[in-house]
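Some notes on the structure that comes next.
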Amino acid sequence: MNETQLKKRLSRAAVWCSVLGLVILLAGAFIATTFHRALQSLALSEFKEEASGYRTQIILQLEQDSKSLSTLAALFEQSQVLDDAHFSTDLLIANHSDTFETLGYFNAHGIGTLVNTELGMLTDVDYHTLPHAVQASLTMAYRGIPDVSRLYESDISEARLLVCAVPVYQDGNIVGVLAGSTSLTCFDEILSESASSNQNSTTYLINAQGQVLAGTTDLSSPEYQSSIFSADFFDQADLNAIEAAIAREESIFSTVRYQGVRCNILVEPVGLNNWFVLCISAVTNSNHTIYQMVITLGVTFLLLAVLILVLLVYIWRLTLHHNRTLTRMAYTDELTGADNLNRFMQNLDALQHRQQSFCMVSLNVRQFKFINELFGSSMANQLLKTIAQRVRGSMGEGEFFCREGGDLFYLVFLETDACAVKKRTTALMEDIGLHTVSTTRDYRISLYAGAYLVEYPNQEELSTELIITRSRFAIQHCRDLPSTSVHFYDTQLHNTEERENFIESHMHQALQRGEFQMYLQPQINLKDGSLGSAEALVRWVIEDGHIIFPNDFIPLFERNGFCSHLDLYMVEQAMRQIRQWMDSGIAPLPISVNQSKLLFYRPDYISTLEELLQRYQVPAQLITLEILEQLSFEQTGEPHEKLRKLRKLGFRVSMDDFGSGYASFHTLGSLEIDELKLDRSFLLEISARQSNRFALILECIVKLTKRLNITTVVEGVETVENETLIRNLNCDMGQGYLYSRPIPAEEFTQRYMTRKDQ
Ligand code: C2E
Ligand code: CA
Ligand code: CA
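Written as C-alpha cells, this is what we have:
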C-alpha cells in the first residue's frame with residue numbers, strides 16, 4: 001500500500017473515531033443535561049414543597065392566632081366579664097397564657113384596654129391613636145370580619161408586628177373587638193425550622209415591595225435592612241423577571257445570580273397580605289450523589305474520547321512508520337540504496353501511462369563473477385555501490401534507475417536520440433571504468449549496455465516486462481565483445497532469435513508428437529522417364545497445421561546437435577515406408593535420406609542403422625544416405641571409416657549439393673560414394689548466363705562419374721529445357737519441380753506406387 005492510500009485510510013479511520021468520540025461526548029452531554037434537568041426539576045419540586053410548607057405553616061399560625069382570639073371572645077361573651085371592673089386583669093391573665101405579645105379589647109365606642117405581659121396594662125386607649133394598619137384590621141372586625149393586619153412598627157415593643165382582630169358579640173350584636181398583636185418572630189421560627197433541614201437554602205417571607213418580614217438569616221443581616229429588591233442582591237434582568245411575577249402574584253422558579261452566586265430561587269405567593277415566600281438555594285449540588293455521578297460519567301466520557309484520540313494518533317504514527325519501513329524494504333535495494341525492480345517497474349508503468357518517450361538501458365559489469373571470486377564479495381559489493389552512486393549522478397530530471405540484482409542495472413533516460421543515448425551511456429560506463437576495485441591491484445572495470453528506444457506516438461503498446469526484455473536482448477549482443485560497448489535493440493534480429501527460441505524449446509516435444517513429417521520428392525530416370533527413387537525431405541507440421549520448412553530449422557539443429565536425432569528418425573520413417581510398400585505388395589522404391597555431419601561423430605550411428613535394418617527388415621540397398629561434401633574435408637579418419645562400414649552394410653552413399661560450395665575433385669577422390677547429386681546452381685547458372693562453360697563442366701563431371709561408376713542426379717529440374725539439357729549430357733536422374741514438389745509420403749504412395757498385381 002502506498003503512503004497516499006494509507007493516509008486516506010487512516011484519515012477515514014480518524015474521521016470515524018472522531019465521530020465516535022463526538023457521539024460519546026454528545027451522549028455524555030445528553031446524559032449530563034438530562035441529569036441536570038432531572039435535578040433542576042427535583043430542586044423545583046423540593047423548593048415548591050418547601051415553600052408551600054412555609055405558606056401553610058404561616059397561614060396556620062395566623063389562623064391559630066385568629067382562632068384563639070375568637071375562643072377568647074366567645075369566652076368573654078359567655079362569662080359576661082366585659083363590663084366587669086376586673087376585666088382588664090382578666091385580659092392580662094389571658095395574655096399570659098396565649099402567644100400574643102399585646103392583647104387588646106375595644107368597646108363599641110372605640111375605647112379599649114391593652115395588656116402586655118411585660119409592659120403591663122394601658123386603659124382608655126382610643127382606637128384612633130393606634131397605627132393605621134391596626135385601625136384597618138379593627139374596622140374590619142367591627143364589621144364582623146376577622147382580619148389580620150399589615151405589618152406595622154409598634155411603639156410599645158419597638159418591633160414590627162401584625163394584628164389579628166375578631167368581633168366580640170353580645171346577644172348577637174357586635175359590642176366590641178378583640179385584637180392580639182404578634183411579632184414576626186414566630187415566622188422566623190417556622191422558617192428556621194426548615195433552614196436546619198436544608199443548610200444550603202435561605203428562606204424569606206417577603207412582601208410585594210421586597211421587604212423581608214421573616215427569614216432564616218438573623219435580623220442583623222443586610223437583607224432585613226431594606227427591600228431585598230433594592231439592594232444589589234440580584235442582577236437587574238433577573239430582578240425584573242422576579243418583580244414582574246410578584247406584580248402578577250404568580251410563583252416563579254429561576255436560576256439567577258444572588259449576591260454573586262448562582263442560585264435557584266423560588267418566589268411563591270402566600271395568599272395573604274400580598275406576602276411571598278422566597279427560597280434561595282445556591283447551585284452547589286456537588287455533594288449530590290446523582291450530580292456527582294453525572295460529573296464522573298462526563299469526565300469518564302471525556303477521558304475516553306481523549307484516550308481514543310491519543311490512541312488514534314499513536315496508531316497513526318506507528319502505522320505510518322511501519323508503512324514507510326515496509327515501503328523502503330519493498331522498493332529499495334538494500335545494498336546500494338537504489339530503487340529495486342518493483343519500484344522501477346512502477347515508474348516505468350507511469351511513464352508509459354503518460355505516453356512519454358524514453359530509452360531503456362540495461363547495464364552490466366563484464367566479468368563480475370570473476371571480480372567476486374578474485375576480490376571477495378565485500379569488494380564486489382563496494383563496486384556495486386559505486387556504480388549505483390555514479391549512475392545516480394548521471395540521471396537527469398524525471399529519469400530513474402534500479403539494480404535488478406547481481407550486477408545488472410536498468411536505467412531510463414528521457415532521451416530518444418540514439419546518438420545521445422550512446423554518448424551518455426558510454427560516458428557513464430567510462431566514468432565507472434575509472435574506478436579500481438582494489439587499491440592494491442589495478443583491475444579496471446569494463447561495462448556493456450543494451451538499449452531499447454520507446455518512442456511515442458508511433459510506439460506499439462508494450463508491457464514493462466517486454467521493454468526490459470528487449471533491452472536485455474540488446475545487451476546480450478555485446479556480452480562477448482571485448483570493450484565497453486552499447487548495442488541497440490534490433491527487431492529483425494530479435495524475430496530470428498525468437499523463432500529460434502521457439503524451435504529450440506519445442507523440438508523435443510515435436511519429435512515425440514510426430515510433428516516432423518516425411519515428404520517425398522521423386523527422382524526420375526532420364527533415359528526412360530521412369531521413377532527411379534525418392535528423396536525424403538522433412539517438414540515440421542505444427543499443431544495448427546502451419547508448416548515450417550527445413551531451411552528454417554535444419555541449420556539451428558545442426559548447431560545444437562538435434563539434427564542427428566532428426567536424421568535417424570527420418571531414416572526410420574523411410575524404412576517404415578519401404579516396409580509398408582513391401583507389406584502392401586508394392587515394389588519398393590529406394591529412398592534417399594539426408595544425413596548431417598554430426599551423425600558421423602555419434603558412436604552409435606552405425607549400430608542404430610543396423611538395428612533399424614533389423615527391425616524393419618529392409619534391404620540396405622534401398623536406402624541412400626545423402627552426405628554433404630564437407631565431410632571429405634574432416635581431418636579425422638572417423639567419418640571416412642564409418643562411410644566405408646555403411647557401404648559394407650549395403651547402404652548407398654550419395655554426395656549432396658555437389659558444386660554449391662567448395663566442391664573439389666578431392667571429394668570424389670577421397671570418398672567412396674555411389675551417387676553424386678549436382679546442385680541446382682548448375683542449372684541456374686546455365687540458364688542464367690546462357691553460357692556453355694557450365695554445361696561443359698557438367699558434361700565433364702558426368703563423364704568422370706561414369707568412369708568412377710557413380711550415378712548422377714541433377715537437382716532443380718524445373719523446365720523441359722533443363723531436362724533435355726541434362727539428358728543430352730548423359731546424366732542419370734533428374735529431381736525437381738518439373739516432376740513434382742516434395743509431397744507427403746501418403747500422397748506420394750497414392751500417386752506413384754502401384755501394387756504388382758495392378
Ligand atoms: P537438399 O537436400 O538439397 O534438398 C533439396 C531441396 O531442393 C528441397 O528443399 C527441395 O524441396 C528443393 N527442390 C527440389 N526440387 C526443386 C526445384 O525444382 N526447384 C527448387 N527451387 N527447389 C527444389 P527443402 O525440402 O526445403 O530442403 C532444404 C534442405 O534442407 C535440403 O536440401 C536439405 O539440405 C535439408 N533437409 C531437408 N530434409 C532434411 C533432413 O531430414 N535431414 C537433414 N539433415 N537435412 C534435411
Ligand atoms: Ca538432399
Ligand atoms: Ca541438394
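If you read the sequence shown in our numbering, its first letter stands for residue 1, the second for the next number, and so on.
Every residue, glycine too, gets a C-beta built ideally from N, C-alpha and C.
Taking 9 Å as the threshold (C-beta atoms), are Lys-642 and Phe-658 in contact? In the sequence shown, counting from the first residue as 1, residue 658 sits at position 658. In the sequence shown, counting from the first residue as 1, residue 642 sits at position 642. Contact: no.
Minimum length 3: unbroken beta strand (DSSP E) runs contained in the stretch 253–293: 261–269, 275–282
Buried versus exposed, by CB contacts within 10 Å (16 or more), Leu-272: Start at 1 with the first residue of the sequence shown, and residue 272 comes out as number 272. When all chains shown are included, Leu-272 counts as exposed.
Can you list, in chain order, every residue whose CB sits closer than 5 Å to a heavy atom of ligand 2? Asn-594, Glu-626, Asp-656
Would you say the beta carbon of Gly-393 comes nearer than 8 Å to a heavy atom of ligand 1? By one-based count along the sequence shown, residue 393 stands at place 393. Outside the cutoff, so no.
Got a sec: does ligand 3 put a non-hydrogen atom nearer than 8 Å to the Cβ of Arg-343? Against the sequence shown, residue 343 aligns to sequence position 343. For ligand 3, not one heavy atom lies less than 8 Å from the Cβ of Arg-343.
Nearest to Phe-106 (by Cα), restricted to the options Ala-214, Ala-13, Ala-43, Ala-165: For this step, residue 106 is matched to residue 106 along the sequence shown. When each option's Cα is compared against that of Phe-106, the closest is Ala-165.
Could you tell me if His-132 is buried or exposed, where buried requires 16 or more neighbouring beta carbons within 10 angstroms of its beta carbon? By 1-based counting over the sequence shown, the position of residue 132 is 132. The residue in question, His-132, is exposed, as its Cβ has fewer than 16 Cβ neighbours within 10 Å.
I need the straight-line Cα distance from His-322 to His-506, nearest angstrom please. For the purposes of this step, residue 322 is taken as the residue at position 322 of the sequence shown. For the purposes of this step, residue 506 is taken as the residue at position 506 of the sequence shown. Approximately 48 Å between the Cα atoms of the pair.
Looking at the structure shown, is Gly-112 part of a helix, part of a strand, or coil, going by DSSP? Taking the sequence shown and counting its residues from 1, one reaches residue 112 at position 112. Correct three-state label for Gly-112: strand.
Indicate, with yes or no, if ligand 3 has a heavy atom lying under 8 Å from the CB of Asp-567. Translated into the one-based positions of the sequence shown, residue 567 becomes position 567. Asp-567 Cβ: outside cutoff for every heavy atom of ligand 3.
Suppose contacts are defined by Cβ-Cβ distances below 9 Å. Is Pro-744 in contact with Arg-576 by that definition? The residue labelled residue 744 in the question sits at position 744 within the sequence shown. The residue labelled residue 576 in the question sits at position 576 within the sequence shown. Not in contact: Pro-744 and Arg-576 (Cβ atoms no closer than 9 Å).
Just curious, the alpha helix (DSSP H) that Leu-414 is in, first and last residue? Position 414 of the sequence shown, counted from the start, is the residue given in the question as residue 414. Counting along the chain, Leu-414 falls outside any alpha helix (DSSP H), and DSSP gives it neither H nor E.
Contact the stretch 340–355 vs the stretch 398–409: 3+ CB pairs below 8 Å: yes
I'd like the list of long-range same chain contacts for Val-391, defined as Cβ closer than 7 Å, with 5 residues on each side in sequence excluded. Taking the first residue of the sequence shown as 1, we reach residue 391 at position 391. The residues are Phe-401, Phe-409, Leu-411, Leu-428.
Going by DSSP, name the residue or residues bridged to Phe-694. Taking the sequence shown and counting its residues from 1, one reaches residue 694 at position 694. Partner(s): none; Phe-694 has no beta bridge.
Secondary structure at Leu-453, three-state DSSP: helix, strand or coil? As a first step, residue 453 must be located in the sequence shown, where it is residue number 453. Strand, per DSSP.
What span of residues does the beta strand (DSSP E) with Gly-396 cover, start to end? The residue you call residue 396 lines up with position 396 of the sequence shown. Gly-396 -> no beta strand (DSSP E), and no H or E assigned at all.
Compute the minimum distance between the beta carbon of Arg-539 and the heavy atoms of ligand 3, and state whether it is under 8 Å. Position 539 of the sequence shown holds residue 539. It does not: the Cβ of Arg-539 is nowhere closer than 8 Å to a heavy atom of ligand 3.
Give me the Cβ distance between Cys-731 and Val-714, rounded to the nearest whole Å; I'm assuming they're in contact under 8 Å. Within the sequence shown, numbered from 1, the residue matching residue 731 stands at position 731. Within the sequence shown, numbered from 1, the residue matching residue 714 stands at position 714. With a Cβ gap of about 5 Å, Cys-731 and Val-714 count as contacting.
Cβ-heavy atom distance, Arg-652 to ligand 3, below 8 Å: Within the sequence shown, the letter at position 652 stands for residue 652. Answer for Arg-652: no, Cβ out of range of ligand 3.
Just confirm the distance between the C-beta atoms of Glu-535 and Gln-750, as a whole number of angstroms; I'd bet it's less than 8 Å. As a working mapping, residue 535 is identified with position 535 in the sequence shown. As a working mapping, residue 750 is identified with position 750 in the sequence shown. 18 Å between Cβ atoms; not a contact.
Check whether Phe-488 and Ala-418 have beta carbons under 9 Å apart: Counted from its first residue, the sequence shown places residue 488 at position 488. Counted from its first residue, the sequence shown places residue 418 at position 418. Yes, these two residues count as a Cβ contact at 9 Å.
May I have the straight-line CA-CA distance separating Arg-479 from Trp-16, to the nearest angstrom? What you label residue 479 is simply residue 479 of the sequence shown in a count that begins at 1. What you label residue 16 is simply residue 16 of the sequence shown in a count that begins at 1. Spanning the two alpha carbons is a distance of roughly 59 Å.
Less than 9 Å between the beta carbons of Gly-21 and Ile-295, yes or no? Position 21 of the sequence shown, counted from the first residue, corresponds to residue 21. Position 295 of the sequence shown, counted from the first residue, corresponds to residue 295. Result no, Cβ atoms of Gly-21 and Ile-295 do not sit closer than 9 Å.
How should Asp-407 be labelled, buried or exposed, when 16 other C-beta atoms within 10 angstroms of its C-beta is the threshold for buried? Looking up residue 407 in the sequence shown gives position 407. Buried, by the Cβ-count rule.
Compare the beta carbon distance of Asp-333 and Ala-388 with 9 Å and say whether it is the shorter of the two. As a working note, residue 333 is residue 333 in the sequence shown. As a working note, residue 388 is residue 388 in the sequence shown. Closer than 9 Å, so yes.
How about Glu-535: is its Cβ closer than 8 Å to a heavy atom in ligand 1? Taking the first residue of the sequence shown as position 1, residue 535 is located at position 535. Under cutoff, so the answer is yes.
Where DSSP assigns a beta bridge to Phe-682, which residues make up the other side? Numbered from its first residue, the sequence shown carries residue 682 at position 682. Paired residue(s): none; Phe-682 is not in a bridge.
Kindly give me the distance between the Cβ atoms of Ile-145 and Asp-124, rounded to whole angstroms, as I take these residues to be in contact under 8 Å. Mapped onto the sequence shown, residue 145 falls at position 145. Mapped onto the sequence shown, residue 124 falls at position 124. Contact doesn't hold; Cβ gap of about 26 Å is too wide.
Exposed or buried, Phe-665, counting other C-beta atoms within 10 Å across all chains shown (16 or more means buried)? Here residue 665 refers to the residue found at position 665 of the sequence shown. With fewer than 16 other Cβ atoms within 10 Å, it is exposed.
Pick from Glu-504, Asp-604, Gln-521: whose alpha carbon is nearest that of Pro-555? Taking the first residue of the sequence shown as 1, we reach residue 555 at position 555. When each option's Cα is compared against that of Pro-555, the closest is Glu-504.
Cβ-heavy atom distance between Glu-715 and ligand 3 below 8 Å? Indexing the sequence shown from 1 puts residue 715 at position 715. At least one heavy atom of ligand 3 is nearer than 8 Å to the Cβ of Glu-715, so yes.
Do Arg-680 and ligand 3 come close, with the Cβ less than 8 Å from some heavy atom? Your numbering for residue 680 matches position 680 in the sequence shown. Because some heavy atom of ligand 3 lies under 8 Å away, the Cβ of Arg-680 counts as near it: yes.
Below 8 Å, is the gap between the Cβ of Ser-596 and the nearest heavy atom of ligand 1? Position 596 of the sequence shown, counted from the start, is the residue given in the question as residue 596. Checking every heavy atom of ligand 1 against the Cβ of Ser-596, one is found closer than 8 Å.
Given a threshold of 16 other Cβ atoms within 10 Å of its Cβ, counted over all protein chains shown, does Val-261 qualify as buried or as exposed? Here residue 261 corresponds to residue number 261 of the sequence shown, with the count starting at 1. Classification for Val-261: exposed.
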